[in-house]
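The structure appears right after this line, and notes come after that.
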Amino acid sequence: MTRINITLLSGSAGHLMTIKKHTGLGLSEIKTRISNINPLMEVDYVNINERKKMKDFVEDLIKHKANFKLFEQDEDYKEELPLEHFMNSFELSRQIAEDREKMDEILVEEDDE
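Take 23 as the starting number for the sequence shown in the working numbering and just add one per residue.
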């Protein structure tokens, strides 16, 4: 199962409340994860609701000019996930859903004939 995680590369007091708001972690846990360069949030790549929460988190970090990295990983690999790729995946998911609906409509029309 592919997962996406986010790691903050440098921390400041200004980011702590934003991180706490999105992750639900305690302040000491946040500080520990930042200092150890451990993920602050991890989500399932195929779960759109989890990815949406991460997207909101990423947008807040961008707004606060935080220095972070996204990683995509499963059992066999771990690689950095470009921010643009992560953000574009939401538009792609929406387009796929629309295409599926169109195909369903076409198939239903064919069944009715």
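Ideal Cβ placement from N, Cα and C applies to all residues, glycine included.
DSSP-derived helix/strand/coil call for residue i
i      : result
Leu114 : helix
Val68  : coil
Pairwise C-alpha distance: residue j and residue i
i      : j      : result
Leu114 : Ile52  : 32 Å
Lys85  : Leu129 : 44 Å
Asp66  : Lys75  : 11 Å
Lys150 : Glu131 : With the chain covering 23 to 135 only, the question about residue 150 has no answer from this structure.
Thr29  : Arg122 : 34 Å
Phe79  : Glu94  : 16 Å
Glu102 : Val68  : 17 Å
Lys124 : Leu49  : 47 Å
Gly162 : Asp82  : It is not possible to answer for residue 162, since the shown part of the chain is limited to 23 through 135.
Chain-order list of residues whose beta-carbon lies under 8 Å from that of residue i (same chain, five-residue window excluded)
i      : result
Ser111 : Arg73
Endpoints, the alpha helix (DSSP H) within which residue i is located
i      : result
Leu92  : Unbroken run through Leu92 is the beta strand (DSSP E), 89–95; no alpha helix (DSSP H).
Leu103 : Counting along the chain, Leu103 falls outside any alpha helix (DSSP H), and DSSP gives it neither H nor E.
Leu49  : 49–57
Proximal residues to residue i (C-beta, below 6 Å), its chain only, five neighbours per side dropped
i     : result
Arg55 : Leu62
Asn27 : Pro61, Glu64, Phe93
Enclosing beta strand (DSSP E) for residue i [first to last residue]
i     : result
Ile28 : 25–32
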